[in-house]
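In what follows, a structure is listed as structure tokens, so that the remarks can point back to it.
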Amino acid sequence: MGDRHELAGFLRSRRGRITPQTAGIAAGPRRRVRGLRREEVAQLAGISVEYYQRLEQGRAARPSPEVLDALAAALRLDDVEREHLRTLAVRERPRRAARPQDVRPELTRMLDLIHAPAMVVDDRFDVLAANAVAVRLFAVDTTSAVRANLARRLFLDSGSRDFYVEWDEVAAATAGQLRVAAGLYPEDAELAELVRELRDGSETFRTLWNAREVDVRTSGTKSFRHPALGTITFCYENFVTAGDPRRRLVVFVPAADGAADAAVHLLTTWTRTGPLSPVER
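For the sequence shown, the working numbering begins at 5 and goes up steadily by one.
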């Protein structure tokens with residue numbers, strides 16, 4: 005669907021999320037509307053009700069930066085949501101050059117020199133490269149013609165619920181990051197196909213996608229259950245790679261405890277005949 009329809013859907017979803025009390029509006033006892041009314045958003049933003057209705061119906065021309073800022077304030081958007089709103093409001097975007105499919109040899113060598121799990125992932129969650137420790141932990145095959153995709157595995161592989169300790173949180177964050185990517189690159193046919201596949205194959209993803217939440221993760225913690233090593237907790241950092249904002253280097257540093265360090269040491273020394281991760285079984 006066009007950007008105007010995406011903008012309209014995003015505005016409706018944010019309007020439905022805010023209660024009158026949160027917005028400082030007195031609500032009568034017979035109120036039946038979920039969230040704010042259109043006229044209430046228009047009043048808070050200082051724009052006409054007719055114009056706001058046209059925005060939510062996908063019929064309005066590109067709103068000005070001032071209108072977008074006013075809507076963001078009225079709808080109490082966070083920084084990620086504000087940027088997503090601006091992205092959807094841009095009707096014409098320059099064509100982007102095709103991305104190179106291979107990871108630069110220098111970056112591949114950097115991965116091999118990192119002793120913690122590390123990989124290069126794009127904004128579709130395709131694994132473009134990974135060091136031996138990451139291959140071992142996540143059971144990704146970087147030599148196959150078909151790229152491993154972490155989002156596909158997360159939502160369509162039943163074993164992922166055992167592997168990711170915070171599965172619900174990871175699922176919500178992944179759907180939110182895909183929503184941001186889809187807003188930035190609506191012409192990406194592979195991304196659109198991945199979203200269709202996940203919507204068709206996962207009720208959870210379909211629910212999360214329809215909620216239109218957006219997310220950007222640059223750091224945090226994740227815990228994984230390994231069949232032989234138990235639960236391992238990592239702190240992760242995302243670094244955008246030079247020359248391509250759609251790719252990032254993700255490094256998983258063991259949490260500050262002896263158990264995590266020991267688990268990573270074992271992962272670096274095991275051969276492929278060692279204990280398997282849940283997704284390898």
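Glycine residues also receive a C-beta, built at the ideal position from the N, C-alpha and C atoms.
Check: Three-state secondary structure (DSSP) of Glu286; Outcome: Residue 286 lies beyond the range of the chain shown here (5 to 285); nothing can be said about it.
Check: Assigned secondary structure, Ala134 (DSSP; H/G/I helix, E/B strand, else coil); Outcome: strand
Check: Entirely enclosed beta strand (DSSP E) segments - the stretch 221–269, minimum 3 residues; Outcome: 223–230, 234–244, 251–258
Check: Inside the stretch 71–97 only - beta strand (DSSP E) runs reaching at least 3 residues; Outcome: none
Check: Buried or exposed (CB count within 10 angstroms, at least 16 for buried), Asp194; Outcome: Position check: residue 194 holds Glu in this sequence, whereas Asp was assumed. Glu194 is exposed by the Cβ-count criterion.
Check: First through last residue of the beta strand (DSSP E) which encompasses Val107; Outcome: Per DSSP, Val107 belongs to no beta strand (DSSP E) and is neither H nor E.
Check: Simplified DSSP assignment, three categories, for Ala193; Outcome: helix
Check: Euclidean distance between Cα positions of Glu191 and Val137; Outcome: 34 Å
Check: CB contact check: Pro67 to chain B, cutoff 7 Å; Outcome: Within the model displayed, chain B is absent; a lone protein chain is all it includes.
Check: Start-end ranges of the alpha helix (DSSP H) lying completely within the stretch 36–62, minimum 4 residues; Outcome: 42–49, 53–60
Check: CA nearest to the CA of Leu4, picked from Arg200, Val255, Ala179; Outcome: Since the first and last residues shown for the chain are 5 and 285, residue 4 lies out of range.
Check: Contact check, Gly50 vs Ala74, beta carbons under 7 Å; Outcome: yes
Check: Identity of the residues DSSP links to Met123 by a beta bridge; Outcome: Ala134, Val254
Check: 8 Å contact criterion, which Val184 and His88 should meet: CB distance rounded; Outcome: 6 Å
Check: First and last residue of the uninterrupted alpha helix (DSSP H) at Thr211; Outcome: 207–215
Check: Cβ contact check for the stretch 163–181 and the stretch 209–217: 3 or more pairs under 8 Å; Outcome: yes
Check: Beta-carbon proximity check, Arg251 vs Asp166, cutoff 7 Å; Outcome: no
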